[in-house]
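What follows is one structure encoded as structure tokens, with my remarks underneath.
Residue numbers (my numbering): 862 to 1224.
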């Protein structure tokens, strides 16, 4: 029986997702560009924190102790930017992915040791997991230099990450269920909206409109909808088609949270990218090969673009051309995701469009 369970788990891990190099390479570039637009974290600020607030949890920061040297954190930030640039252009992609994620984990461990907590664990561990998909196999310097000829795209990291996402949403919904979100006499969602509205900051988007609705029934629909989504998300991870719809719902959920409560999860939605790309692009090797051929033929154009971006990132110089509002990422990713919960004919339509694009690129 144990062998049968192990076989089913292995089959689920290996056969649920069958990505191509092009899908993974596009995911890598979009993820890095999203991180770039959001702005890479600057850990040099740690050197200015008061030591009295240093109260680390069990981990590296507790073992090593406080690091207050500004030279150390300046060098750390420079190393982070160099590795990130390598990841974007796809140079030693697997190593760059793992090192980038580990550097983020180390830096945020120290930030959290001073009491500042952000909900960004998923985009931090994302590049470490994606490193094992071999997402440097296309649209990368590694692929141009033929370093990826002996590797294949792997889907099991996407399956594993889908489980982490499902577990994350479930653990977010369970405290809400226990904490009284089902109580019909009040709405916690309304409480969040009111708190954000009267926090002193200017209300954004639809926050003021929803505050003025003042209808308990509508607020309870939002309460129950949130619970249903967060607790039920984990069930979808066993079926790729259903999970893609769940990703579309998750993207719209976070967009709704931004519009009504003014709480952005801009970095978090970047981890939806491999599934969104999987939805929009036909997962055939021929498509991947054609795009890679187009990329190789036009490498004289792409390589200078890669080097310019790498220079901008390493020097920490952000021209106005690259300065976008951080919410821009969330809108850019979430709005197209509405089609992921649409009927099948919509997906067929986009498959036809990508095949036309493929033919145009390979002429």
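For glycine and all other residues, C-beta sits at the position ideal for the given N, C-alpha and C.
Model, not experiment: these values are computed from the prediction.
Under 8 angstroms between C-beta atoms of residue i and residue j
i: residue 898; j: residue 1126; result: no
i: residue 1081; j: residue 1048; result: yes
i: residue 905; j: residue 938; result: yes
i: residue 1031; j: residue 1091; result: yes
i: residue 1084; j: residue 1042; result: yes
i: residue 964; j: residue 957; result: no
i: residue 1130; j: residue 1115; result: yes
i: residue 1005; j: residue 1160; result: yes
i: residue 986; j: residue 962; result: yes
i: residue 901; j: residue 942; result: yes
i: residue 920; j: residue 954; result: no
i: residue 1156; j: residue 1167; result: no
i: residue 885; j: residue 996; result: yes
i: residue 1053; j: residue 1122; result: yes
i: residue 914; j: residue 976; result: yes
i: residue 1202; j: residue 888; result: no
i: residue 952; j: residue 1174; result: no
i: residue 1095; j: residue 1027; result: yes
i: residue 1128; j: residue 981; result: yes
Residue from the options with nearest C-alpha to residue i
i: residue 950; options: 1199, 919 and 1169; result: 1169
i: residue 974; options: 916, 1202 and 1068; result: 916
i: residue 1194; options: 1053, 1089, 928 and 1141; result: 1141
i: residue 990; options: 1011, 980, 998 and 1023; result: 1023
i: residue 1046; options: 953, 1054, 1117 and 1079; result: 1079
i: residue 1120; options: 894, 1057 and 1175; result: 1057
i: residue 1039; options: 1088, 1005, 1070 and 919; result: 1088
i: residue 881; options: 909, 1210 and 1013; result: 1013
i: residue 1152; options: 876, 999 and 928; result: 999
i: residue 1134; options: 1162, 1186, 1066 and 1019; result: 1019
i: residue 972; options: 1007, 940 and 910; result: 910
i: residue 907; options: 992, 923, 968 and 871; result: 968
i: residue 992; options: 1015, 934 and 1204; result: 1015
i: residue 814; options: 1111, 1097, 931 and 883; result: Residue numbering for the chain in the displayed model covers 862 to 1224; residue 814 lies beyond these limits and cannot be assessed.
i: residue 1113; options: 871, 1196 and 929; result: 1196
i: residue 1200; options: 1106, 923 and 1118; result: 1106
i: residue 876; options: 932, 1101 and 866; result: 1101
i: residue 1136; options: 1154, 1110, 1158 and 1118; result: 1110
i: residue 1185; options: 896, 1025, 1172 and 871; result: 896
i: residue 1093; options: 1118, 1065 and 1034; result: 1034
i: residue 978; options: 918, 1066 and 1171; result: 918
i: residue 929; options: 923, 912, 936 and 940; result: 912
i: residue 936; options: 1154, 988 and 1176; result: 1176
i: residue 1086; options: 867, 931, 1067 and 1118; result: 1118
i: residue 1050; options: 1075, 1213 and 863; result: 1075
Whole-Å CB distance - residue i paired with residue j, under 8 angstroms assumed
i: residue 1099; j: residue 873; result: 7 angstroms
i: residue 1108; j: residue 1198; result: 7 angstroms
i: residue 983; j: residue 1029; result: 7 angstroms
Interface flag, residue i vs chain D, CB-CB below 8 angstroms
i: residue 1078; result: Any reference to chain D falls outside this structure, which holds one protein chain only.
### Message
If we require 4 or more residues per run, which alpha helix (DSSP H) segments fall completely within the stretch 936 to 1016?
### Response
954 to 974, 982 to 991 and 1002 to 1005
### Task
Enumerate, from N- to C-terminal direction, the unbroken alpha helix (DSSP H) stretches of 4 or more residues contained entirely within the stretch 1125 to 1203.
1134 to 1141, 1146 to 1158, 1160 to 1175 and 1188 to 1195
### Task
Within the stretch 1045 to 1099, note down every full beta strand (DSSP E) run reaching 3 residues or more, in order along the chain.
none
### Message
Please give me, in chain order, every unbroken run of the alpha helix (DSSP H) with length at least 4 that falls completely inside the stretch 878 to 911.
### Response
882 to 899
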